[in-house]
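A.B. asks: FYI, the working numbering numbers position 187 of the sequence shown as 441, with every residue one higher than the one before it. Just so it is clear, CB atoms sit at the ideal spot from N, CA and C, and this is done for glycine as well. Quick caveat: nothing in here was measured; it's all calculated off a predicted structure.
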Amino acid sequence: MTSMAFRIFLVTAINPQSKLFIEHLQVQLEHEIIAVDTETMPSLGEGKDILVILDLDHLSEATIQRWQAAADGKENISLAAFNVRDEGHAVELLSSLNLQGIFYRNDSVELICKGIEALHSGSLWMSRTLMSRMIQLLRRQQMNSYRPACGLTQRELEIIGLLGTGATNSEIAEKLFVSEHTVKSHLYNIFRKIKVHNRLQAMNWARRNLFSVPPSCKREARH
């Protein structure tokens, strides 16, 4: 993937501060970053890979959902959240959005640039502890007698839960200490049980059926 075939949209309030931030990022990256006003929805064509970074400090929930709807079903578009408060906030976001990247308010410019490069290469950008919390959330739901009506095992719930966060087969395998072949075998059984035909349908199923965040997670502060 070349830089010319990769576009970055930062959806934020257009002001001197955001312009300076974008200029600072572009000094360290080899990619152009396009500032997109919060009320604007540019054309998202199929020809280029696009990373959309959503500035949560300046976006309403309705606008965030509008971007999620625009990205649904488009494999060339990745979504990332910027100015995330803490890990509890990230868990809440991942329960309703298909995000590939999480950037916190206290992240340095250098760390943000590293994350953008990781997303450019097709990887997820979120911490191992965050991924672990998503797995723990699924396990906690199962312990509370929440089980989908399609007979998924605990391991299958873990795998489709990670799939729902946007993880690749190799990332799921690394997280669960199994082979990619094992992940593929589980996914085959999962797809059959939940009656879906592809990864996107399975990801949507996971978001609808698995990621109901308990109220205690929603206002958790990080110290």
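Pop quiz: Gly-420 and Leu-378 are said to be a contact at Cβ under 8 Å. What is the actual Cβ separation, rounded to whole angstroms?
C.D. replies: Contact flag correct, Cβ pair sits at about 6 Å.
A.B. asks: When you compare only the Cα positions, how much space is there between Pro-270 and Leu-279?
C.D. replies: 14 Å
A.B. asks: Leaving aside the five residues before and after Leu-274 along the sequence, list all residues of the same chain whose C-beta is less than 8 Å from its C-beta, in chain order.
C.D. replies: none
A.B. asks: How many Å lie between Leu-464 and Arg-453 at the Cα?
C.D. replies: Roughly 15 Å separates the two Cα atoms.
A.B. asks: Alpha carbons only, please: which of Asp-311, Gln-319, Lys-328 is nearest the one belonging to Leu-305?
C.D. replies: Lys-328
A.B. asks: Quick one: is Met-295 buried, meaning 16 or more other Cβ sit within 10 Å of its Cβ, or exposed?
C.D. replies: exposed
A.B. asks: At the level of alpha carbons, what is the spacing between Ser-386 and Lys-302?
C.D. replies: 32 Å
A.B. asks: For Leu-406, does the three-state DSSP call read helix, strand or coil?
C.D. replies: coil
A.B. asks: Are the CB atoms of Leu-308 and Phe-336 nearer to each other than 9 Å?
C.D. replies: yes
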